[in-house]
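Working notes, structure below.
Numbering (my numbering), first residue to last: -7 to 209.
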């Protein structure tokens, strides 16, 4: 693999990673509501799922799914319903806070009144499941990554370089979105704005889920 190919791959991936999607929305949401440090667990969960999917793609699972559309369809529906569940959960949380008065005396992100803060494991698991919710990423990786593999050279080292680069750029974008969440958190001390943020986030998750259900690959 030449430097030219690597730079081309990195530029395309950076643009793709910066685009808002379920992973980025989750990181933004967790950073705004749980704080930057705790959102790192969600970032690592998302990154872990991407690492798993990319390794499976390199092993040929993506091509196998193309040949087994029913299996892919089941994965797509399960992922879509998980995103819909997150959207409904966000909406339900906003109604619960309203019933409890919605007071948030601190000037830093806090969990909803009457609810314990999510554990680091729960935040990581949440990120991991969101990262796995869209099986079309596996098909994308199966089609995209081989375009940057130089024929005649060992494939494994090249895949390692590409996957490492992809994850590094993805984590960089997570950090940028998390920083935006920290800035947003200063506004969320107002109950009305916090409720609106939860409902907007929930609606977007519902949209992602509905879009995945309607998609045809």
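C-beta atoms are modelled at their ideal positions from N, C-alpha and C, and glycine is treated no differently.
This structure is a prediction, so every number in the text was calculated from the model and none was measured.
Whose CA, out of the options, lies closest to the CA of residue i?
i	options	result
residue 163	16, 3 and 51	16
residue 195	-1, 13 and 9	13
residue 200	147, 115, 78 and 134	78
residue 242	-4, 10 and 45	Outside the shown range of the chain, which is -7 to 209, sits residue 242, and nothing can be said about it.
residue 28	177, 159 and 187	177
residue 134	52, 188 and 148	52
residue 213	43, 46 and 127	Coverage of the chain is limited to positions -7 through 209, which leaves residue 213 absent and any answer about it impossible.
residue 46	168, 159 and 188	159
residue 187	110, 68 and 84	84
residue -2	50, 112, 139 and 111	139
residue 152	206, 113, -4 and 50	50
residue 206	62, 148, 192 and 69	69
If contacts are defined as beta-carbon pairs under 8 Å, then residue i and residue j qualify, I think. What distance do you get, rounded to the angstrom?
i	j	result
residue 204	residue 71	6 Å
residue 161	residue 5	5 Å
residue 40	residue 157	Between residue 157 and residue 40 the Cβ distance is about 17 Å, and since that is not below 8 Å, they are no contact.
residue 154	residue 132	That belief does not hold up - the Cβ atoms of residue 154 and residue 132 are roughly 13 Å apart, past 8 Å.
residue 190	residue 82	5 Å
residue 48	residue 130	7 Å
residue 121	residue 197	Contact doesn't hold; Cβ gap of about 12 Å is too wide.
Looking only at its own chain, which residues have a Cβ that is under 6 Å from the Cβ of residue i, when we skip the five neighbours before and after it?
i	result
residue 150	-7 and 141
residue 112	33
Among the residues of its own chain, which have a CB less than 7 Å from the CB of residue i, if the five just before and after it don't count?
i	result
residue 31	19, 22, 23, 170 and 173
residue 117	37
residue 143	none
residue 193	17, 21 and 82
In chain order, what residues of the same chain lie with their CB nearer than 8 Å to the CB of residue i, ignoring the 5 residues before and after it?
i	result
residue 146	none
residue 8	none
residue 211	Residue 211 is absent from the structure shown; the chain starts at -7 and stops at 209.
residue 167	35
residue 202	72 and 76
Query raised in the report: In chain order, which beta strand (DSSP E) runs of at least 3 residues are fully inside the region 12 to 77?
Result: The region 12 to 77 contains no whole beta strand (DSSP E) run of 3 or more residues.
Requested in this report: Quick one: which unbroken alpha helix (DSSP H) runs of 4-plus residues sit fully inside the region 100 to 180? Chain order, please.
Outcome: Whole alpha helix (DSSP H) segments, 4+ residues: 112 to 124, 128 to 136 and 147 to 177.
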